[in-house]
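Novice: Numbering (the working numbering), first residue to last: 804 to 935. Idealized CB from N, CA, C, for every residue including glycine.
Dropping the structure here:
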């Protein structure tokens with residue numbers, strides 16, 4: 804089991820991708836959208852991050868107001884997973900629940916408490932580092 808975690812830094816406006824493999828990935832199981840997580844799991848000591856969303860392995864989005872960890876077909880009129888073309892239009896869409904389970908592929912988080920080093924130093928890769 805592994806997750807792709809997208810860490811957004813509201814201060815700089817940049818986002819960084821982190822591949823999270825076992826055993827760190829297991830610490831995120833059971834968390835929900837809105838939960839706070841210690842940054843140590845992502846290799847960011849001293850940081851605190853909040854889960855803001857994500858998608859499952861097939862690309863269906865996680866929705867904060869849908870409990871559970873399974874995918875369901877629900878009738879939606881707005882919000883995550885559906886943007887209507889006309890006012891009042893509704894559609895039945897497949898949406899994943901808000902709980903993080905093993906079938907989630909990507910998790911979106913944002914930094915809420917900063918540590919000693921900047922996010923750029925911890926997660927950003929310069930071209931020189933990639934060549935080595």
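Alpha carbon to alpha carbon, what distance is there between residue 819 and residue 927?
Specialist: As a first step, residue 927 is located in the chain shown; it is residue number 124 there, counting from the start. As a first step, residue 819 is located in the chain shown; it is residue number 16 there, counting from the start. Approximately 7 Å between the Cα atoms of the pair.
Novice: Answer yes or no: do residue 852 and residue 864 have a C-beta to C-beta separation smaller than 7 Å?
Specialist: Reading the chain shown from its first residue, position 49 is the one you call residue 852. Reading the chain shown from its first residue, position 61 is the one you call residue 864. The answer is no: Cβ separation not under 7 Å.
Novice: So the beta strand (DSSP E) residue 958 belongs to, where does it begin and stop?
Specialist: Because the chain in this structure spans residues 804 to 935, residue 958 falls outside the shown range and cannot be described.
Novice: State the start and end residues of the unbroken alpha helix (DSSP H) segment that holds residue 822.
Specialist: Counted from its first residue, the chain shown places residue 822 at position 19. Run containing residue 822: none in the alpha helix (DSSP H); it sits in the beta strand (DSSP E), 817 to 824.
Novice: Grouping DSSP H, G and I as helix and E and B as strand, with all else coil, what is residue 906?
Specialist: If you number the chain shown from 1, residue 906 lands on position 103. Here residue 906 sits in coil by DSSP.
Novice: Using the Cα positions of residue 808 and residue 825, report the straight-line distance between them to the nearest angstrom.
Specialist: Walking along the chain shown from the start, residue 808 turns up at place 5. Walking along the chain shown from the start, residue 825 turns up at place 22. Approximately 13 Å, taken between the alpha carbons.
Novice: Can you tell me whether residue 892 is helix, strand or coil according to DSSP?
Specialist: Walking along the chain shown from the start, residue 892 turns up at place 89. In the structure shown, residue 892 sits in coil (DSSP, three-state: anything other than H, G, I, E or B).
Novice: How big is the Cα-Cα spacing for residue 906 and residue 860?
Specialist: Within the chain shown, residue 906 is the residue found at index 103, counting from 1. Within the chain shown, residue 860 is the residue found at index 57, counting from 1. Taking the straight line joining both Cα atoms gives about 6 Å.
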